[in-house]
Every structure is written in structure tokens, then in C-alpha cells.
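Have a look at the structure below before the remarks.
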Amino acid sequence: AGGHISGGHYNPAVTLAVLLRGGGKIKTGEACIYVVCQLAGALCGAMLSWALIGWSLAAYPTPALGANPFAVCLSELMVTFALCSVLLHTTTTKAQADNSYYGLAIGFTVLSGAVAVGGISGGAFNPAVGFMPVLYGAHSASHSWVYWLGPLLGGALAGAAFRAMALEEYGGSPTEAMVKCAPCLVETIGTMMLCFVVGTASLAQSFLAPLAIGSMFLAMICMGGAISGAHFNPAFTLAALLSTELGATHKRFTWRQGAEYLFAQIVGAALGALAAWGALETNRKVQYPTVPPTSGLGAGFLGELVGTFLLVYVFLNVATTKDLAGNSFSGLAIGMVVTLMIACMAPVSGAAFNPAVGLVGLFSGAGRVGIGSVWIYWVACPLGAILATAFFRLQNGEEFGSKGTDVLAQAASAASDLEQALLPQAGVVE
Numbered sequence: 003a004g005g006h007i008s009g010g011h012y013n014p015a016v017t018l019a020v021l022l023r024g025g026g027k028i029k030t031g032e033a034c035i036y037v038v039c040q041l042a043g044a045l046c047g048a049m050l051s052w053a054l055i056g057w058s059l060a061a062y063p064t065p066a067l068g069a070n071p072f073a074v075c076l077s078e079l080m081v082t083f084a085l086c087s088v089l090l091h092t093t094t095t096k097a098q099a100d101n102s103y104y105g106l107a108i109g110f111t112v113l114s115g116a117v118a119v120g121g122i123s124g125g126a127f128n129p130a131v132g133f134m135p136v137l138y139g140a141h142s143a144s145h146s147w148v149y150w151l152g153p154l155l156g157g158a159l160a161g162a163a164f165r166a167m168a169l170e171e172y173g174g175s176p177t178e179a180m181v182k183c184a185p186c187l188v189e190t191i192g193t194m195m196l197c198f199v200v201g202t203a204s205l206a207q208s209f210l211a212p213l214a215i216g217s218m219f220l221a222m223i224c225m226g227g228a229i230s231g232a233h234f235n236p237a238f239t240l241a242a243l244l245s246t247e248l249g250a251t252h253k254r255f256t257w258r259q260g261a262e263y264l265f266a267q268i269v270g271a272a273l274g275a276l277a278a279w280g281a282l283e284t285n286r287k288v289q290y291p292t293v294p295p296t297s298g299l300g301a302g303f304l305g306e307l308v309g310t311f312l313l314v315y316v317f318l319n320v321a322t323t324k325d326l327a328g329n330s331f332s333g334l335a336i337g338m339v340v341t342l343m344i345a346c347m348a349p350v351s352g353a354a355f356n357p358a359v360g361l362v363g364l365f366s367g368a369g370r371v372g373i374g375s376v377w378i379y380w381v382a383c384p385l386g387a388i389l390a391t392a393f394f395r396l397q398n399g400e401e402f403g404s405k406g407t408d409v410l411a412q413a414a415s416a417a418s419d420l421e422q423a424l425l426p427q428a429g430v431v432e
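With this note's numbering, you'll find the sequence shown wraps up at 432, consecutive numbering, no jumps.
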């Protein structure tokens, strides 16, 4: 509602991120006023809740009983980092100016974080929200510092990372190394956040876990799509490479880029798994995809192949075609496919649909997972991507220039020849 007036911060960590982002989006004095207003708004909101439901029923964020302060701060830092990164890219860049999805992306980031780590930190992701406990006594207020330290660090890191990724916002002539590193950094961050939520969201065995994972994927696509194409999945990268090799004329992709993206995605998976380990305080609690004992290896393999096929098929059609270039729904479409496939396939295959996600257990050391337990995600998922690319090529001839037209013409000619060959036989039968 207020984005067109104030920028819609509502969060001191966001205000800090926008300030550190630079570019004249907000001045230091104005940022201080924003923070004061945000804190006053938080206190007014808390007192309004008392009028509605009574002081004894009103809630406020508080860490889980016995939670390590480091784990609480890390949980708050990770989600606030994602939140501020999404806001910076979707609301302050020329590449995504006047989009209609920024509110959706920001809201889904908060939802994902609340499901993933709300049971650990209380799910504030906002120093203003974390300021509410001061109204409930000294004991409640004693935890408030974690809601300042974690989120403010997350906002500061988001502002710094933005400067390394959104190079076009600052003019000048960036070096070749900077230009190459920007999309790789996006891929690392997006894959990291996806794997972090995978590692933490299922802990409570909540029915919302699939939605949390799909929501973070959605948010990361909205964040980085304009810079890297928002793969965050080696299967997506393979599909983009194969599409280019088959003659795609839009969003062409090189094998060198593919290798760089793959490396970035693996690094992101490692960082996300380690962050989940830190948030949960032990690697034994880190969740990771694995074929359940109640499912056979064949069923698990087929489940990953089918799920990845559907996911990559949607990605290619909504995110790489000329007809749908610049659309506002690609993130929502892909994120909801992830949500649906996890809900359907988790009891069958473990529901990775992403070789990088398949490494979470290996990187976290959870359950002493070895490479022998993750091969299925590095074989079935690429096969699903290959099949999806083949169908995409068959159905989208116009995306492949003259080659696509030639293939369709040859198919039509072959069908005509077959029809002519069958017609005399039909006459004899009559």
C-alpha cells in the first residue's frame, strides 16, 4: 500500500540495506527518521493488539526455549538477508522497474522464513518487530538484542552483495571479472537460500514445508532473474545449454557459463547446508532429500525424473521464450511447481528435483550421507532435464529460428507423403 510513497521498508534492516546500497535512494538523516517511525509503529501495533485480544493473549517474537543465541542470530540473519536482497532487486533497480510482483516476492520470503526457522528464532526478521518485547517486561526484553544483531547484519550483507550483483545501477565501466562474477554470485546466493530452507523447513514436519521451499525458490527467481536467469539448479542450466545447442535464438547460453553456474550452485548448496547446520545446532537435525525406505529405488528414480521433467519444462517455457519475455509470473509458476512436486513426490523420491539440493545431506554430514546416496539426483534429474528440453524443442519451433521452421516443414512434408501413400490403399479396401 505504501510502497509508492515511502518505498515500503517497514523494517530497520531494510532501511539499512537501502542506505548501504547507495545510489541516492535514501539519505542518512532520512533513514534515521524511518527507523524511529518503524519502532513507534511496532509499539503502537503491539498496544493495539492489547485492545483487540487483551495483554495476556497478545504475542511477540521470542527464541525457542534453550536455543543457542548464535543459532537464533544466524536464523534471523539468513532470512533477513534474503528478504532485503529480494526487496533491493525488485523495488530499486532499473531492470525490474514498475514490476507487479515485488510485494508477492517479499511476502513469500517472509512466509518461507517463518516456516523454516520461526520455531528457532521466533521469526522476526525485523528489529522493529523484535522491539515489541520491551513492552512485556525485563525478562522478555532480554532477548531483543538478537533481533537487532541478526537482522541488521543480514541487511548490511544484502546491501553489500547488491553492489556486486546489480552493476548496471552504478554506471561506469565494470571490469570483465566483475561482469562474470555478478551472475555467479546470484546463483550462489539463490541456491544457498533454497538449500537453507530445505535443510530447516521440514524439521517441524509441517504441512507448510513444501510451500516454504517453493516460496523461497519463487522469491529468489524474482530477485535474480534479471541478472543470471535464476537457475539455482544444475538441471535448469543443462536445459539452457541443450536449448542453445539445438539452435535457440533467445537467451543463448555457453558451456563456459554453464560450468561457472554449476560451480556457483554447488558452492551455494554447501553454504546453505552449513548454515542450516548452524541454525539447528547439530547436523543430525538437518533435513535433506533421500529415497525413503518405504519406496523402491526404481520408483524414486522415476519420481525424480518426472518431477524434474515437469519443473524444467515449465522453466523453459515461462523463462526462456520470446513470447513470454518480461512476464511477471515466471517465479510464481516455477515456485508453485516446486511446491506441488515436493508435496506429491517426497514420500517416493525425497523430492530434490535439483542435483545441488541433493548434496545437502552430503555437505552437512547429516546421517553420514555418502556420495552413493546422492547419485540418483545427479542421474535422474539431468535425464528429466534432457527430456524436457526435447519436448520444448519439439513444441516451440519458432524459438529456434530457421532450424525450427525446417523441422516443422519436414514433419509436415513427411505427414503429407504418408497420407498420399495411404490414400490408394484406402481406395482398394473400399
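Here a beta-carbon is modelled for each residue, glycine too, at the ideal position from N, C-alpha and C.
Bear in mind the structure is a predicted one, so any value in this text is a computation, not a measurement.
Exercise. Closest to His252 by CA distance: which of Gly9, Pro63 and Glu401 is it?
Worked result: The option with the nearest alpha carbon to His252 is Glu401.
Exercise. Do you know how far the Cα of Gln267 is from the Cα of Tyr315?
Worked result: C-alpha separation (whole angstroms): 20 Å.
Exercise. Residue range of the alpha helix (DSSP H) that Ile28 falls in?
Worked result: Per DSSP, Ile28 is not a residue of any alpha helix (DSSP H), being assigned neither H nor E.
For this session: Classify Leu410 as helix, strand or coil using the three-state DSSP reduction.
Result: Reliability of the predicted coordinates at Leu410 is poor, the pLDDT of 47 falling under 50, and no value is obtained from them.
Problem set entry | Given 8 Å, three or more beta-carbon pairs between the region 175 to 191 and the region 95 to 112 | Taking a contact to require three or more Cβ pairs closer than 8 Å, the region 175 to 191 and the region 95 to 112 do not qualify as touching.
Problem set entry | Identity of the residue in Arg254, Ser375, Thr239 and Ile378 nearest Ala390 by Cα | When each option's Cα is compared against that of Ala390, the closest is Thr239.
For this session: Along the alpha helix (DSSP H) that carries Ser245, what are the first and last residues, could you check?
Result: Judged by DSSP secondary structure, Ser245 falls within the alpha helix (DSSP H) whose first and last residues are Pro236 to Glu247.
Exercise. Which of helix, strand or coil does DSSP assign to Thr296?
Worked result: If DSSP states are grouped into helix, strand and coil, Thr296 belongs with coil.
Exercise. Near Val20, which residues of its chain fall below 6 Å by C-beta distance, leaving aside the five closest residues on each side in sequence?
Worked result: Result list for Val20: Lys27 and Ile28, in chain order.
Problem set entry | Separation of Pro153 from Ala33, as counted between CA atoms | In this model, Ala33 and Pro153 are separated by some 16 Å (Cα to Cα).
Problem set entry | Coarse secondary structure for Ser217, derived from DSSP in three states | The DSSP-derived three-state label of Ser217 is helix.
Exercise. Between Met218, Tyr379, Asn329 and Pro14, which lies nearest to Phe311 when the distance is taken from Cα to Cα?
Worked result: The shortest Cα separation from Phe311 among Met218, Tyr379, Asn329 and Pro14 belongs to Tyr379.
Exercise. What are the start and end residues of the alpha helix (DSSP H) that includes Ser123?
Worked result: From DSSP, the alpha helix (DSSP H) with Ser123 extends over Tyr104 to Ser123.
Problem set entry | Straight-line gap, Gly125 to Asn285 (C-alpha atoms, nearest Å) | Rounded to the nearest angstrom, the two C-alpha atoms are 21 Å apart.
For this session: On a CA-only basis, which of Thr64, Arg165, Leu76 and Lys324 is nearest Thr1? Give me that one, please.
Result: Missing from the structure shown is residue 1; the chain here goes from 3 to 432 and no further.
For this session: Go ahead and pull the three-state DSSP assignment for Thr190.
Result: Helix.
Exercise. Do you know offhand how far Gly31's Cα is from Phe303's?
Worked result: In a straight line, the C-alpha of Gly31 is about 57 Å away from that of Phe303.
Problem set entry | Continuous alpha helix (DSSP H) stretch holding Ala385: start and end | Sequence inspection shows Leu at residue 385; the Ala mentioned does not correspond to that position. First-last of the alpha helix (DSSP H) with Leu385: Trp377 to Gln397.
For this session: Mind reading off the beta-carbon distance from Ala277 to Gly156? Whole number of angstroms is fine, and I expect it under 8 Å.
Result: Ala277 to Gly156, Cβ: 12 Å. No contact.
For this session: Under 7 Å Cβ to Cβ from Leu159, same chain only, skipping five residues before and after it: list those, please.
Result: Correct list, in chain order: Phe83.
Problem set entry | Rounded separation between Cys75 and Gly25 - CA only | Those two C-alpha atoms are separated by around 29 Å.
Problem set entry | Closest residue to Asp325 among Gly399, Ala163, Ala97 and Ala387 (Cα-Cα distance) | Cα-wise, what sits closest to Asp325 is Gly399.
For this session: On a CA-only basis, which of Cys224, Met222, Ala275 and Tyr263 is nearest Ala241? Give me that one, please.
Result: Ranking Cys224, Met222, Ala275 and Tyr263 by CA distance to the CA of Ala241 puts Tyr263 first.
For this session: Give every residue of the same chain whose Cβ lies closer than 7 Å to the Cβ of Ser204, excluding the five residues on either side of it in the sequence, and list them in chain order.
Result: Within the same chain, and ignoring the five residues on either side of Ser204 in sequence, the residues whose Cβ sits closer than 7 Å to its Cβ are Ala211 and Gln289.
Problem set entry | CB contact flag (Ala221, Phe110, <8 Å) | In this structure, Phe110 lies closer than 8 Å to Ala221 by Cβ.
For this session: Kindly give me the distance between the Cβ atoms of Met195 and Gly120, rounded to whole angstroms, as I take these residues to be in contact under 8 Å.
Result: About 16 Å; that fails the 8 Å criterion.
For this session: Take the Cβ of Glu78 as the centre, count every other Cβ of all protein chains shown within 10 Å, and call the residue buried at 16 or more, exposed below.
Result: By the neighbour-count definition (other C-beta atoms within 10 Å, threshold 16), Glu78 is a buried residue.
Exercise. Can you give the Cα-Cα distance for Gly406 and Gly161, rounded to whole angstroms?
Worked result: Only weak support is given to the placement of Gly406: the predicted model assigns it a pLDDT of 47, under 50, and the value that follows is read from those uncertain coordinates. When rounded, the distance between both Cα atoms is 44 Å.
Exercise. From Met80 to Ser87, what does the alpha carbon distance come to, in whole angstroms?
Worked result: Straight-line Cα distance between these residues: approximately 11 Å.
For this session: Below 8 Å on the Cβ atoms is my guess for Val320 versus Ala214; work out the distance and round it to an integer in Å.
Result: The C-beta distance from Val320 to Ala214 rounds to 22 Å, too long to meet the 8 Å contact threshold.
Exercise. Out of curiosity, what's the CA-to-CA distance linking Asn101 and Leu313?
Worked result: Approximately 24 Å between the Cα atoms of the pair.
For this session: Could you name the residues of the same chain whose beta carbon sits closer than 7 Å to that of Gln393, not counting the 5 residues immediately before and after it, in chain order?
Result: First, the residue type needs correcting, since residue 393 is Phe and not Gln in the sequence shown. In the same chain as Phe393, and ignoring 5 residues on each side of it, the C-beta atoms closer than 7 Å to its own belong to Tyr315, in chain order.
Problem set entry | Opening and closing residue of the alpha helix (DSSP H) in which Tyr149 lies | Where Tyr149 is concerned, the enclosing alpha helix (DSSP H) stretches over Val148 to Met167.
Exercise. Under a three-way DSSP split, which group does Phe72 fall into?
Worked result: Judged by DSSP in its simplified three-state form, Phe72 adopts helix.
For this session: Could you tell me the boundaries of the alpha helix (DSSP H) in which Ala271 lies?
Result: Run containing Ala271: Trp257 to Leu282, per the alpha helix (DSSP H) assignment.
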